[in-house]
Each structure stands twice: as structure tokens, then as C-alpha cells.
Amino acid sequence: MFKNHLKIAFRQLARNKVFSVINILGLSLGMALVILIANFIRSEFSYDNWMEASDRTYRVYRIGNRGETVWTPGRLAEKMANDYPEVERTSGYFPSGERLLSYAGNNFYVEHTANVDSTFFSVVAMNLKQGNPQTVLEGPRSMVISDVLAERIFGDANPIGQLITYDGTDEYMIQGVVDRSSEPTHIDADIFTRFTWYGNSWIGNNRATYARLKPNANPEQLAAKVEKDVNELVRQQYLADGYTPTAKNFYRWKMQPLNDIYLKSEGWMTLGESLGSIRNIYIFGFIALIVMFVAMINYVNLTTARASQRSREVGVKKVVGAKRGLLTTQFITESIMQSTLAAIFALLLAEVSLPFFNEIIGRSMPSLMDEPGWIILGTFVLALLTGLLAGSYPAFIMSSYQPVTALKSSFMKSGGKGMFRKVLVTTQFAVSITLLIVMAFVYRQVNFMMNEDLGFQPDQVMVIPMNVGQTPRRVAAMKTTFKQIPGVEEVTTCSSLPGYFLPDWNMLLEGRDENISPWVLFGDADLGKTIDLEMVQGRFLDHNIGADSVNNFIVNEEFVRQYGLDDPVGHRLKWASDTTYGAIVGVVKDFHFRGLGSKIDPLVMNARPWRNLVGIKLSTADMPGTIAAVEQLWKQVEPTHPMRHTFLDKDFEQQYNEQQSFGKSILYSTLLTLFIALLGLFGLTSFTVERRTREIGIRKVLGASVGNIIGILSRDFLLLVGIAFLIAIPFGYVLSSHWLADFAHRTNMAWWVFLGSGLIMLGVGFATVCLQSIRAALTNPVDSLRSE
Numbered sequence: 007m008f009k010n011h012l013k014i015a016f017r018q019l020a021r022n023k024v025f026s027v028i029n030i031l032g033l034s035l036g037m038a039l040v041i042l043i044a045n046f047i048r049s050e051f052s053y054d055n056w057m058e059a060s061d062r063t064y065r066v067y068r069i070g071n072r073g074e075t076v077w078t079p080g081r082l083a084e085k086m087a088n089d090y091p092e093v094e095r096t097s098g099y100f101p102s103g104e105r106l107l108s109y110a111g112n113n114f115y116v117e118h119t120a121n122v123d124s125t126f127f128s129v130v131a132m133n134l135k136q137g138n139p140q141t142v143l144e145g146p147r148s149m150v151i152s153d154v155l156a157e158r159i160f161g162d163a164n165p166i167g168q169l170i171t172y173d174g175t176d177e178y179m180i181q182g183v184v185d186r187s188s189e190p191t192h193i194d195a196d197i198f199t200r201f202t203w204y205g206n207s208w209i210g211n212n213r214a215t216y217a218r219l220k221p222n223a224n225p226e227q228l229a230a231k232v233e234k235d236v237n238e239l240v241r242q243q244y245l246a247d248g249y250t251p252t253a254k255n256f257y258r259w260k261m262q263p264l265n266d267i268y269l270k271s272e273g274w275m276t277l278g279e280s281l282g283s284i285r286n287i288y289i290f291g292f293i294a295l296i297v298m299f300v301a302m303i304n305y306v307n308l309t310t311a312r313a314s315q316r317s318r319e320v321g322v323k324k325v326v327g328a329k330r331g332l333l334t335t336q337f338i339t340e341s342i343m344q345s346t347l348a349a350i351f352a353l354l355l356a357e358v359s360l361p362f363f364n365e366i367i368g369r370s371m372p373s374l375m376d377e378p379g380w381i382i383l384g385t386f387v388l389a390l391l392t393g394l395l396a397g398s399y400p401a402f403i404m405s406s407y408q409p410v411t412a413l414k415s416s417f418m419k420s421g422g423k424g425m426f427r428k429v430l431v432t433t434q435f436a437v438s439i440t441l442l443i444v445m446a447f448v449y450r451q452v453n454f455m456m457n458e459d460l461g462f463q464p465d466q467v468m469v470i471p472m473n474v475g476q477t478p479r480r481v482a483a484m485k486t487t488f489k490q491i492p493g494v495e496e497v498t499t500c501s502s503l504p505g506y507f508l509p510d511w512n513m514l515l516e517g518r519d520e521n522i523s524p525w526v527l528f529g530d531a532d533l534g535k536t537i538d539l540e541m542v543q544g545r546f547l548d549h550n551i552g553a554d555s556v557n558n559f560i561v562n563e564e565f566v567r568q569y570g571l572d573d574p575v576g577h578r579l580k581w582a583s584d585t586t587y588g589a590i591v592g593v594v595k596d597f598h599f600r601g602l603g604s605k606i607d608p609l610v611m612n613a614r615p616w617r618n619l620v621g622i623k624l625s626t627a628d629m630p631g632t633i634a635a636v637e638q639l640w641k642q643v644e645p646t647h648p649m650r651h652t653f654l655d656k657d658f659e660q661q662y663n664e665q666q667s668f669g670k671s672i673l674y675s676t677l678l679t680l681f682i683a684l685l686g687l688f689g690l691t692s693f694t695v696e697r698r699t700r701e702i703g704i705r706k707v708l709g710a711s712v713g714n715i716i717g718i719l720s721r722d723f724l725l726l727v728g729i730a731f732l733i734a735i736p737f738g739y740v741l742s743s744h745w746l747a748d749f750a751h752r753t754n755m756a757w758w759v760f761l762g763s764g765l766i767m768l769g770v771g772f773a774t775v776c777l778q779s780i781r782a783a784l785t786n787p788v789d790s791l792r793s794e
């Protein structure tokens with residue numbers, strides 16, 4: 007019997023080639039996207055959970071006024087290991103940024119490096135290809151490198167025991183090689199070295215703390231102990247410094263499971279590692295469901311529309327004794343066969359589309375055939391489910407025909423009113439219009455952020471990282487020499503620049519009992535001129551005024567507003583741990599130092615020499631020549647470190663990479679959804695034209711014009727688009743508002759975006775209908791009537 011069902015299914019495919027192609031193409035496109043997104047989601051959830059004891063390994067974090075942060079006191083790991091019996095072992099972790107390696111006369115800049123405790127690899131159980139995790143970092147000059155870096159420097163040679171110069175000064179011995187090329191982890195460092203400085207302050211936070219707990223230990227109870235003990239140590243230190251702390255000086259302490267770090271740290275103050283987003287997982291999953299849903303609607307629509315053509319087949323089978331269950335099985339078998347063929351094409355399409363998909367999501371997903379087992383099995387399970395879901399309703403409808411009714415020619419010609427089909431088509435249009443609305447607002451927001459006045463000027467500002475402790479003083483002494491280079495306009499040294507990481511510091515305003523925690527930027531007196539900050543009150547810092555180089559401050563307008571300073575210039579301010587006050591000498595106009603995604607918070611600028619960046623403002627004339635001259639002069643500043651540079655405008659725009667990737671995802675998802683919906687509309691229109699061939703011929707004989715025919719065939723479509731537009735408006739508004747709510751500075755909800763999305767849907771849909779309608783309207787009425 008099953009063999010007979012398959013024969014009938016293949017005959018139906020061959021007999022109705024156009025509709026079969028539309029069904030299979032629509033399903034294969036939807037399935038291909040589901041396969042790619044499922045592979046992406048599987049990869050994202052695999053981060054860190056492959057490690058030994060990952061289920062009882064945690065990272066400590068704290069929650070304060072500015073949300074969650076993973077920066078903790080330097081001695082916290084030591085305290086947890088010594089004082090809490092439920093803790094098996096702990097380790098600190100600090101990302102030490104880009105560093106220079108020198109070996110055999112060659113220099114290698116390594117972007118991601120880390121300082122850790124000797125226990126790190128026995129807490130965070132990354133796979134070591136070489137070396138013992140218990141001992142690889144025992145020596146103070148021990149180093150562990152990644153397999154990727156080992157191949158880059160040593161090729162096929164064994165790196166163990168090799169001496170390598172680190173950061174231009176110290177020699178380290180390589181004691182281990184960690185596997186970073188196979189299993190995914192949120193730890194992105196390629197070099198691991200031992201901590202040489204911890205710091206004793208319980209107020210300062212300078213690294214992350216990881217802890218592996220003993221079996222059956224309760225992380226919530228441990229977090230409660232840490233919170234009580236650490237907050238008491240914080241209180242004692244504040245009192246020792248002569249300051250009475252308030253509630254905002256204390257934090258809630260929590261334990262984050264290792265397996266949650268990669269996906270569930272979005273929006274936190276983290277270590278700058280590459281992280282994923284659980285929100286993106288939900289969004290991509292939702293997109294896959296939407297596209298697959300639209301593809302299945304096509305199948306249901308086209309199958310039920312053609313049901314009247316198979317009514318005689320159903321009637322004859324029922325007359326000769328076929329039961330409804332047997333007919334239902336036949337039609338579901340046809341559906342599953344079509345979805346299986348679609349699944350085969352989907353696998354090929356997904357593999358071919360993988361590089362394009364990787365570009366959209368900003369990942370490097372491996373080939374689907376690297377793990378063919380679960381991909382193939384999962385695809386055919388998807389095909390089975392799709393066939394059952396998409397085929398059940400048409401099978402139920404067609405198997406329910408009564409023999410006498412089904413054999414009547416009037417039934418075969420009418421095919422019913424198709425109300426359910428109209429509902430499904432309207433749903434497709436509503437989904438497409440909703441996605442068009444969301445896509446439009448995503449792109450409006452990205453363009454808004456790229457073009458909004460930032461309050462500073464990032465163009466033509468070259469940024470050079472400093473690597474040696476003496477570099478800030480050397481640059482200061484050579485500023486005149488730098489400015490003699492044609493094209494160099496200003497030079498500054500600073501701790502950060504807009505778009506880079508900024509710390510917050512505890513400070514005191516004179517006359518206030520409560521401490522404050524503004525963001526802090528250290529820079530010399532030329533910082534304002536280099537990035538074109540605007541002074542609204544007072545003055546910039548001055549090299550020639552001694553107090554300006556240590557104690558005096560510049561603040562932004564938000565600082566003045568938030569802390570209620572009626573006359574800010576001259577008001578005294580100091581670091582919480584200092585005994586000496588300095589004065590506020592100037593107020594700059596607010597600028598977006600953390601990007602348009604964040605609100606402007608209070609900012610303090612000070613000239614203390616804690617700096618690691620050089621900013622050089624260039625003119626636009628002969629930029630390559632100016633950069634080459636700066637690079638030549640840099641050899642006198644840092645002879646051991648070759649210069650590398652970026653530009654501030656490009657660095658600042660990198661904050662918006664996620665939004666741009668999201669915008670691309672929505673764009674291509676919308677286009678795919680729209681294409682599948684129009685594919686189904688094309689099929690339905692073809693069927694409608696075919697069914698109304700005689701009517702069209704008669705109307706033309708009676709004098710109907712081409713425009714009249716097109717209007718008659720398009721009337722229902724226009725009504726459905728109008729209904730879909732009304733449905734899509736509230737959904738598009740809610741989804742767009744929810745996405746825009748994440749931005750402190752955002753574009754407005756323009757009414758024309760909604761109208762434009764509806765008109766786009768109307769235009770492309772009407773064009774699709776017209777393709778078939780015009781062909782029918784231009785057909786000779788004699789041929790139309792002869793077809794009957």
C-alpha cells in the first residue's frame with residue numbers, strides 16, 4: 007500500500023510541475039535557513055560546556071548602580087580558596103591586552119593576552135595539548151600559548167622549553183600549549199602568564215575571579231557569604247580612609263555558572279572578551295520559525311486550492327471502498343515526500359550558502375559536513391515534521407469529501423470560497439509587512455547613530471597604543487617634533503578615548519557626605535583640542551599650571567546637572583582615597599564618550615599620567631605620507647615596539663557592529679520571507695487564472711479591457727493586503743519599539759515607515775499578480791473558451 011501511495015505521489019508531482027516546484031522551492035528555502043540557524047544555535051550553546059566540571063565552575067560577579075560587572079578585588083580568589091570550605095580551588099583572570107612577542111629576530115603582536123594565577127587551568131579546564139594543567143604556570147616566568155599562536159611562531163617545531171621575549175623586556179619560558187582551535191570557549195586569550203601584582207585594596211577591582219566548587223556545594227549560599235564578608239572588608243577600608251560609606255558603596259555578589267558566561271553576559275561590564283547573546287539566539291530562532299511558517303502556509307494554500315481538481319479521485323476511491331484513514335495516509339505521504347525532496351535541496355543550499363551566512367552573523371561556522379550525522383538526521387526529522395504539519399490540514403479536507411458531492415462537476419469547478427486560504431495569505435502578508443517595518447527602523451537607528459552629532463570630532467584622529475611605562479613622558483617631550491611633521495595638527499596622550507573602555511572611580515565633592523562614581527578619563531592638556539571638545543564654562547587644563555597636572559579637573563555638563571552644582575567652576579573635588587582636594591576648572595559640552603547606545607553619564611577628566619594611548623589629529627592632505635613620517639619618529643619613542651595604529655572614527659563605529667549585523671539579518675530574513683510569500687502568491691494566482699479561464703474569455707467577448715480583467719483578478723488581493731497592513735501596524739510598532747528601547751538615543755517612530763512598508767508589500771505583490779493577470783487578459787478569447 008505504501009508503495010502505491012508513493013507511485014501516486016510521484017505522478018502528482020509530474021502532473022503538476024509548476025505547483026510542485028513552487029512547493030518544494032518554498033519548503034527548501036525555509037528548511038535551509040532552519041538548518042543554518044540550528045547549526046548556529048547549537049554552536050553558541052556549546053561554549054564552555056565541554057570542560058571538565060563545567061557544571062560546578064563559576065565566575066564571581068557583583069551588581070551595583072551601573073548593573074552587573076565581573077571586575078572583582080585582586081585578593082578575592084585567595085580569600086575564597088582559604089576561607090570557604092565548599093570551594094575546591096580558585097583563580098584570578100585579567101585580560102592584559104595586546105602584547106609584543108619576539109622570537110628569533112621576529113616580532114609578533116598578539117591581540118589577546120591574559121594574566122592568571124598558577125591554578126587557572128585546574129579551575130577553568132581548557133584542554134592542554136602539551137603541559138600539565140597543575141604545573142604549567144608554577145614558575146614566575148612561565149608562559150602558556152595557544153596552538154594557533156604556536157603554529158604561527160614555531161610551525162611544526164616543539165615550542166615547549168623555548169624562551170621568548172614578552173612585551174619587549176622579559177624572557178618567558180613556554181611550558182604549555184592550550185587547544186583553542188577545536189572546542190569553543192569564552193576565554194579568547196592566546197597567551198597566559200602569571201600575575202605579578204595583586205593589589206590589597208577591597209575597594210579597587212582589577213580582575214575577574216573564577217571558582218570551582220566541591221560537589222553538592224550551593225553557589226547561592228556561597229555568594230551570600232562572599233557578599234557579607236567582602237562588603238564588611240569594604241566598609242572597614244572606607245572607614246580607615248576616613249570616609250563613612252553609604253548603601254551605594256556596597257554590592258550584591260553572585261555566582262555565574264561557567265556555561266552561562268558566553269551567552270548571558272550581554273550588557274555587563276566584562277573583560278572585553280568576545281561574547282554571544284541569548285537574545286540573538288531567541289531572535290534567530292524566531293526568524294527561522296517565521297520563515298518556515300510562511301513556507302508551510304504556501305504548501306497548505308496551494309494544496310487546498312488544488313483540492314477540487316482531485317475531488318473525482320477521492321470520490322471514485324470512496325465509492326470502491328477506500329476508508330478516510332487510507333486517503334489521509336495517502337495525502338500525508340505525498341506531503342512528506344515533497345518535504346523530503348525539499349530537505350535534500352535544503353542541505354545542498356545550506357552548505358552553499360554557509361559563507362554568506364557566516365558573513366551576516368559575523369562568525370566562522372564550520373562546514374555542515376564536518377558533523378554530518380546530526381545534520382542529516384536533524385534535517386530529515388525536520389522534513390518529517392514539516393510534512394506532517396503542512397500536510398495534515400489538506401489531507402483532512404480532501405479525505406472528508408462525500409463521494410456524491412465530490413463527483414459533481416460543479417464542485418470541481420467551484421472549489422469552494424477558500425476563506426481559510428484567504429486567512430493564510432493575509433497572515434503571510436502581515437508577517438512580511440511586520441518584518442519590513444522592523445527592518446526599516448533597524449536601519450534608521452543604525453544610520454541615526456552613524457550620523458548623529460557626537461559632541462566631538464573623531465575624523466582623522468590616529469590612535470597609537472603605548473607599550474612602555476616611559477612612553478607618555480617621551481611623547482610629551484617630543485610633541486614639538488611630532489607637530490613639525492607636515493599634516494600633524496595636535497598630539498595628546500590619554501587613558502582612553504570615546505568608544506574605548508572607561509573606568510568609574512569613587513570620588514568626593516567638597517561639602518557632600520555621599521561619594522560619587524563618575525566615569526574617569528585621564529588625558530593631558532591637549533586632549534580637548536585633539537578631539538575638538540567644546541568648553542561651555544571655565545577653561546581647559548594648562549601645561550603651565552602645576553595643579554592642573556595632578557589635582558584639577560574638567561567635568562561634563564551631565565556631571566553638573568546630576569550633582570546639582572550651581573557654580574561648578576572652582577568647586578572642589580577629590581579621589582575618595584586622597585587627602586587633597588583639587589578644583590573643577592572647566593565644564594565641557596556633553597559628548598557621547600560611550601556611544602549612542604548609552605546615555606551620557608557624569609564624566610571627570612584629569613591629567614594624572616595614567617595613560618596608554620596617543621591620539622594624533624591629522625590633516626587630510628597626504629595622509630599616507632604623514633602616517634609614514636609618524637611611524638619613523640615612533641622608532642625613537644619605543645625602539646623595541648613597532649608602531650601599530652587605528653583611527654578613532656573606525657574604532658568608535660565598531661560599537662555598532664552588532665546592530666549592523668542584526669540589520670543585515672533582518673534584511674535578508676525579510677527578503678527571504680517576502681520571496682517565499684510571493685512565490686505562493688504566484689502559484690495561487692496561476693491557479694485562479696487557470697480556474698477562471700472561461701470567465702475571462704466571456705468577459706473579453708463582451709468588451710472587457712485588459713485593465714478591467716486585471717482589476718477583477720487583483721481585487722481580492724488588494725483587499726487582503728489592506729487587512730494585512732492593519733494587522734501588521736500594531737505588531738510592527740511593538741517589536742520596533744521594544745528593539746529601540748535598548749538605545750538611550752534613538753530615532754523617532756516615523757509614521758511614513760509604516761505606510762511605506764505597506765506600499766512596498768502592495769507594489770511587489772501587485773506586480774506578482776499582474777504577471778499572471780496580464781497574460782490571461784491578453785489571451786485570445788477563442789482560445790480561452792476552447793479550453794473548456
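Following my numbering, the residues of the sequence shown are numbered contiguously, the last one being 794.
From the three backbone atoms N, C-alpha and C, an ideal C-beta is built for every residue, glycine too.
Next item on the list: Determine the burial state of Arg-218: buried for a count of at least 16 other Cβ atoms within 10 Å of its Cβ, exposed for fewer.
Entry: buried
Check: What residue does the alpha helix (DSSP H) around Ser-438 start on, and which one ends it?
Finding: 425-457
Next item on the list: Following the continuous beta strand (DSSP E) through Thr-171, name the residue where it begins and the one where it ends.
Entry: 169-172
Note to self: Spatial neighbours of Val-297 within its chain, please: C-beta separation below 8 Å, excluding the five flanking residues on both sides.
What the structure shows: Leu-35, Gly-36, Leu-39, Val-40, Ser-675, Leu-678, Thr-679 and Ile-682.
Checklist line | Expected contact under 8 Å - CB spacing of Val-184 and Leu-264 to nearest Å | finding: That belief does not hold up - the Cβ atoms of Val-184 and Leu-264 are roughly 16 Å apart, past 8 Å.
Notebook entry, point to check: Less than 8 Å separating the beta-carbons of Gly-505 and Gln-661?
Noted result: yes
Next item on the list: Look at the alpha carbon of Ser-420 and the alpha carbon of Leu-690, and state the distance between them as a whole number of angstroms.
Entry: Confidence in Ser-420 is poor, its pLDDT being 46 and thus under 50, which makes the residue's placement unreliable; the coordinate value appears in the next sentence. Roughly 15 Å between the two C-alpha positions.
Notebook entry, point to check: Is the CB-CB distance between Gly-167 and Val-142 below 8 Å?
Noted result: The beta carbons of Gly-167 and Val-142 sit no closer together than 8 Å.
Note to self: Going by DSSP in three states, Thr-250 sits in which element: helix, strand or coil?
What the structure shows: DSSP places Thr-250 in coil when its eight states are reduced to three.
Next item on the list: Go ahead and label Arg-752 buried or exposed: buried means 16 or more other beta carbons lie within 10 angstroms of its beta carbon, across all protein chains shown.
Entry: buried
Notebook entry, point to check: Do Ala-436 and Met-302 have their CB atoms nearer than 8 Å?
Noted result: No.
Checklist line | Reduced DSSP category for Glu-637 - H, G, I as helix; E, B as strand; rest coil | finding: helix
Notebook entry, point to check: What is the C-beta distance between Ala-120 and Ser-102, in whole angstroms, given that I count them as a contact (C-beta under 8 Å)?
Noted result: 6 Å
Next item on the list: Count the other CB atoms, across all protein chains shown, that sit within 10 Å of the CB of Ala-214; report buried if there are 16 or more and exposed otherwise.
Entry: buried
Next item on the list: Determine the contact status of Val-448 and Gly-717, defining contact as a CB-CB distance below 8 Å.
Entry: No, the Cβ-Cβ distance between Val-448 and Gly-717 is not below 8 Å.
Notebook entry, point to check: Which value, in whole angstroms, describes the spacing of the CA atoms of Thr-586 and Asn-557?
Noted result: C-alpha separation (whole angstroms): 8 Å.
Check: Of the choices Val-236, Glu-177, Leu-391 and Ile-30, whose alpha-carbon is the least far from that of Met-795?
Finding: In the structure as shown, the chain begins at 7 and stops at 794. Residue 795 is therefore absent and cannot be evaluated.
Item checked: CB contact flag (Leu-527, Met-472, <8 Å) -> no
Margin query: By the three-class DSSP mapping on this structure, what secondary structure does Tyr-587 have?
Written below: In the structure shown, Tyr-587 adopts coil according to DSSP, grouped into three states.
Next item on the list: Give the DSSP-derived three-state secondary structure of Tyr-506 in the structure shown.
Entry: Coil at Tyr-506, not helix or strand.
Notebook entry, point to check: Roughly how many angstroms separate the alpha carbons of Pro-524 and Leu-107, rounded to a whole number?
Noted result: Pro-524 and Leu-107 have their alpha carbons spaced roughly 36 Å apart.
Notebook entry, point to check: Whose C-alpha, out of Ala-348, Val-66 and Ile-293, is nearest the C-alpha of Tyr-257?
Noted result: Val-66
Notebook entry, point to check: Of all the options Asp-548, Ser-604, Asn-521 and Ile-633, which has the alpha carbon lying nearest to the alpha carbon of Asp-584?
Noted result: Asn-521
Check: With 16 other CB atoms within 10 Å as the buried threshold, where does Gln-6 fall?
Finding: There is simply no residue 6 to check, as the chain begins at 7 and stops at 794 in what is shown.
Next item on the list: Could you name the residues of the same chain whose beta carbon sits closer than 6 Å to that of Asp-748, not counting the 5 residues immediately before and after it, in chain order?
Entry: So the list is empty, once near-sequence residues are dropped.
Notebook entry, point to check: In terms of residues, what are the limits of the alpha helix (DSSP H) holding Thr-128?
Noted result: A small correction: the amino acid at residue 128 is Ser; Thr does not occupy that position in the sequence shown. Counting along the chain, the alpha helix (DSSP H) containing Ser-128 begins and ends at 126-129.
Notebook entry, point to check: In whole angstroms, what is the alpha-carbon distance linking Gly-80 and Thr-125?
Noted result: 15 Å
Checklist line | Start and end residues, alpha helix (DSSP H) containing Ala-483 | finding: 477-483
Next item on the list: Pull up the distance between the alpha-carbon of Glu-357 and that of Met-425, whole angstroms please.
Entry: 39 Å
Next item on the list: Using the Cα positions of Phe-417 and Asn-364, report the straight-line distance between them to the nearest angstrom.
Entry: Low local confidence applies: a pLDDT of 43 at Phe-417 is under 50, so the model's placement there is unreliable, with the coordinate-based value given in what follows. The alpha-carbon atoms of Phe-417 and Asn-364 are separated by roughly 51 Å.
Note to self: I'd like to confirm the pairing. Which residues does DSSP put opposite Gln-227 in its beta bridges?
What the structure shows: Paired residue(s): none; Gln-227 is not in a bridge.
Next item on the list: Using only alpha-carbon positions, find the residue among Gln-262, Asp-123, Lys-231 and Trp-259 that is nearest to Phe-198.
Entry: Asp-123
Margin query: Is it buried or exposed, Val-154, if we count other Cβ atoms within 10 angstroms and call 16 or more buried?
Written below: exposed
Note to self: Quick check on the DSSP output: what are the complete alpha helix (DSSP H) runs of length 4 or more inside the stretch 587-667, in order along the chain?
What the structure shows: 629-643 and 654-659
Checklist line | Alpha-carbon to alpha-carbon, Pro-146 and Ser-49 | finding: 36 Å
Next item on the list: Excluding the 5 residues preceding and the 5 following His-192 in the sequence, name in chain order all residues of the same chain whose CB lies nearer than 7 Å to its CB.
Entry: Only Tyr-53, Asp-54, Ile-267, Tyr-268, Glu-279 and Leu-281 meet the Cβ criterion.
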